Amino acid sequence: MDFSFTKDEELFRDTVKEFCQKNIAPVWVEIDEKREIPMDLYKKMGQQGLFAIPVKAEYGGPGGTMVLACIATEEIAYADPSVAVAVYSLLCNGWPMLLQAYGTEEAKKEILPHVAKGEAFFGIATTEPHTGSDLASHKLIATKDGNGWIFNGDKLYISGVGETSQLPWGGGWWLTARTGTMEEGHRALTAYALLGKKDGKVLEGYEPTVLDEIGRGGLTTGGFTLKNYKLDDKYRCGDVNRGFYLTMEGFNLARTVVAAACIGAARWGADQAIDWFKQRKAFGKYIASFEGVSFKFAELYIKLQAAKHFVYQSGWLADKVYLEKDPAYKPVDLNVPASMAKIYGPEIATDIFRETMKWYGAYAYSKESPLYRALLGVFSYEIGAEGAQNILRYIIARDTIGFEYVRW
Amino acid sequence: MPDIVVCVKQSIDIEQLKFDPSTRSPILAGTPKKVGQMDGRAVEEALRIKERMGGSVIALTIGGSEAEDVMRRAYAMGVDEGYMVTGPELSDLDTNVKIKVLAAVMKKLPYFDLVLCGAASSDVSSWQVGPGLAELLGVPVITSAKKLDIEGEEVVAECDLEKGTYTLKAEMPAVITITLEINEPRIPSLMAVLGASRKKAKTLTLEEIGMAEAKSLTKVCDISMPEVKRKKVIFDGSEAEKLEEATSKLIEALRREGVME
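Protein chains in written order, with the working numbering: chain C, 12 to 419; chain L, 161 to 421.
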């Protein structure tokens, strides 16, 4: 048992902190307000090695690990607690790691170097207008056409639609499409690395739309319609009709880094509370001398540390499975740790911001205080992006009690 | 193509240092350490010279277990080679002995053109290392450089000294001490951090450099936070007719305190 980070991990955390405090912390409110991450920030983050961290050098990545990706995401979210920059980077860490595991050599060599450099986005597109969690009823269809596929249908509430259009190379998503009948449910879904734009050109048959959201302003969410959109078979990930299972593995990776973002933002929130406790007095005493305040803070702090343990346990496990290929661990071993991280991370983050705003009082309800931006940012993950909280509770129940006892 | 040696020290991270309010003593246990701000700039300046002119950069540090962290950072920034003098006894040695240790290591190196070091460390801040080192090595020293160039066999430095900015030249080899203004040090990328972990610095002991008997000449008896008492003088300028008199009194008081000339 070793609970410490390695020397490399510690040095990396120091360097990410320095980078973020210099390049992100001074502009995070502006990013949220102007609803845009500056173009030069993507480039700088790419040069710093903050995208596609677990991707090997042969695919243009820094050759790091999932634990390093968690460290980066946590520190980025500490510097931008609205989590826009952290969400961009976590998506461009988690899903490239899955593409590295299951994509074709050609697709990996074409896409991943651009993601690593901050020239292209690569996220996840599963949700459809009529349902999110229920992948088995997804309708977007891919039909075989010679050595390729023709896609028709819609995806909605997809992160990175605007960024894919804006970034110089472009980018796309790990996407699931129906390759069989509706009756076959989740057994007839296939995964693809689907590009909306590549080499600076928007692809034919891809029609994006950007939505207006209440928080996390710097990163776009939207949707797209595919109309007779054609894709070569080299972009297929894994076997036909295995897409559901591979995507579930990807969600475990993404949920780990999502939780890392939430604990980074929550840590910032806790620091805001501590700063406030050291200056604010009421009835002649520091407000934290009232146990209604300090005990609540202590409870939240315990949960934050627990969430942090889940994040790094899950990240460590992901490295064992996907990078070290340790035969003692399997992809399904990540189900419970990643779900625990994704439940606790967002929930503790929103709890911390809600309580901190109450401790700050009326000031926190004014737009002068940035706390509401952080609350709205992390709340997106409590609502359910990257896995609804109750789906995650179901996964934990299923994997611990047994599938036959929790079956709907 | 200059060969440059940079002295780097791990200092207490002053921004995170807390004081015990009852004793006014710093709480050193558990306070993180990091490469000193001026030392980091010395490494950066050496690397920039190398990038312009070629040559090599050697990092040198002394200390306890933290020496490895210093070297890891220096390698990640891009230095070619590292030497560290390590041993548990080193953390108790005073600046005077540390200067002798640094000089002893440098005398073992085949050749160097420049020695760069921070003008002062972020914690002890003695401002002695550069000048002391130059004396022991028998080479010229330029202190507090905010700009540095090499012209032929000479090093040219712009320095803020006393009441003005001076441009000073020295023949190489020379020791130059570096201030905060000279540059903004690079933040190593993840690729550089991972690359640095494959490099190993050469470890030397006090015995190996012939300084087994090294003893400090000074002893730190006490460290405490300076007490700054506010004078709480109020010049009443609340009404228009009082404003002129209050302003003159304020200026007079500031002059008396040496804040204004």
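Cβ atoms here follow ideal geometry from the backbone N, Cα and C, with glycine treated the same way.
Since we're looking at a predicted model, the values are computed, not measured.
Do you know how far the Cα of residue j is from the Cα of residue i?
i              : j              : result
E311 (chain L) : G290 (chain L) : 21 Å
I412 (chain C) : L257 (chain C) : 23 Å
P434 (chain C) : F62 (chain C)  : The structure shown does not extend to residue 434 (chain C), since chain C is modelled only from 12 through 419, so no value can be given for it.
K238 (chain C) : G105 (chain C) : 28 Å
K128 (chain C) : C273 (chain C) : 24 Å
T154 (chain C) : D250 (chain C) : 15 Å
Q197 (chain L) : G278 (chain L) : 8 Å
L321 (chain L) : T267 (chain C) : 53 Å
K289 (chain C) : E314 (chain L) : 54 Å
K166 (chain C) : E341 (chain L) : 53 Å
V418 (chain L) : V94 (chain C)  : Here residue 418 (chain L) is Gly; the residue named in the question, Val, does not match the sequence. Each residue's alpha carbon lies about 48 Å from the other.
L220 (chain L) : V213 (chain C) : 53 Å
N346 (chain C) : K336 (chain C) : 17 Å
H197 (chain C) : L102 (chain C) : 23 Å
I172 (chain L) : D223 (chain C) : 47 Å
Y374 (chain C) : L387 (chain C) : 17 Å
G295 (chain C) : A374 (chain L) : 56 Å
A284 (chain C) : P92 (chain C)  : 14 Å
On the DSSP bridge assignment, give the partners of residue i in chain order.
i              : result
D229 (chain L) : Per DSSP, none; premise fails for D229 (chain L).
C381 (chain L) : C381 (chain L) is not bridged to any residue.
K292 (chain C) : C:Y297
D163 (chain L) : L:S216
I187 (chain L) : L:K178
R247 (chain C) : C:Y203
K362 (chain L) : L:Y243
K212 (chain C) : C:K209
G261 (chain C) : Paired residues: none, contrary to the question.
G134 (chain C) : C:W184
Which residues bound the alpha helix (DSSP H) around residue i?
i              : result
V322 (chain C) : 302-329
W39 (chain C)  : 39-45
I259 (chain L) : 255-268
Q111 (chain C) : 95-113
F235 (chain C) : Looking at the DSSP string, F235 (chain C) is not in any alpha helix (DSSP H); the run it does join, the beta strand (DSSP E), is 232-243.
I87 (chain C)  : 77-90
G164 (chain C) : Where G164 (chain C) is concerned, there is no enclosing alpha helix (DSSP H), although the beta strand (DSSP E) it sits in stretches over 159-170.
Y326 (chain L) : Element bounds for Y326 (chain L): not the alpha helix (DSSP H) but the beta strand (DSSP E), 324-331.
I402 (chain C) : 400-412
A188 (chain C) : Note, A188 (chain C): premise wrong, no alpha helix (DSSP H); beta strand (DSSP E) at 181-189.
A360 (chain C) : 346-371
R24 (chain C)  : 18-34
Does the beta-carbon distance from residue i to residue j come in below 8 Å?
i              : j              : result
G275 (chain C) : A385 (chain C) : no
V389 (chain C) : T361 (chain C) : yes
G183 (chain C) : F262 (chain C) : no
T220 (chain C) : G234 (chain C) : yes
E205 (chain L) : L308 (chain L) : yes
Q456 (chain C) : I354 (chain C) : Residue coverage of chain C in this structure runs from 12 to 419, which leaves residue 456 (chain C) outside it and unanswerable.
E242 (chain C) : W160 (chain C) : Per the sequence presented here, residue 242 (chain C) reads as Leu, with Glu not at that position. Yes, the pair counts as a contact, with Cβ atoms nearer than the cut-off.
G226 (chain C) : S391 (chain C) : yes
Y246 (chain C) : L205 (chain C) : yes
L230 (chain C) : Y53 (chain C)  : no
G278 (chain C) : L315 (chain C) : Note that residue 278 (chain C) is Arg in the sequence shown, not Gly. Yes, they are a contact pair.
C31 (chain C)  : A90 (chain C)  : yes
L269 (chain L) : I222 (chain L) : no
P333 (chain L) : V203 (chain L) : no
M244 (chain L) : T327 (chain L) : no
L207 (chain L) : G238 (chain L) : yes
I164 (chain L) : K194 (chain L) : no
I135 (chain C) : V96 (chain C)  : no
G211 (chain C) : Y240 (chain C) : no
What first and last residue would you give for the beta strand (DSSP E) that runs through residue i?
i              : result
M244 (chain L) : 241-246
K378 (chain C) : That residue, K378 (chain C), is in no beta strand (DSSP E); it is neither H nor E in DSSP.
I222 (chain L) : 216-223
T154 (chain C) : 152-156
A334 (chain L) : 334-338
V221 (chain C) : 217-221
E421 (chain L) : From DSSP, E421 (chain L) is part of no beta strand (DSSP E); its letter is neither H nor E.
E314 (chain L) : 314-321
K193 (chain L) : 193-195
K209 (chain C) : 200-209
Q176 (chain L) : Segment: none, Q176 (chain L) is in no beta strand (DSSP E) and carries neither H nor E.
A352 (chain L) : Careful: A352 (chain L) lies outside any beta strand (DSSP E), inside the alpha helix (DSSP H) at 350-356.
Quick one: which chain D residues come within Cβ less than 7 Å of residue i?
i              : result
T367 (chain C) : Absent from the structure: chain D. Protein chains present are C and L.
Query - Complete runs of the alpha helix (DSSP H) confined to the region 271-317 of chain L [at least 4 residues] - result: 289-297
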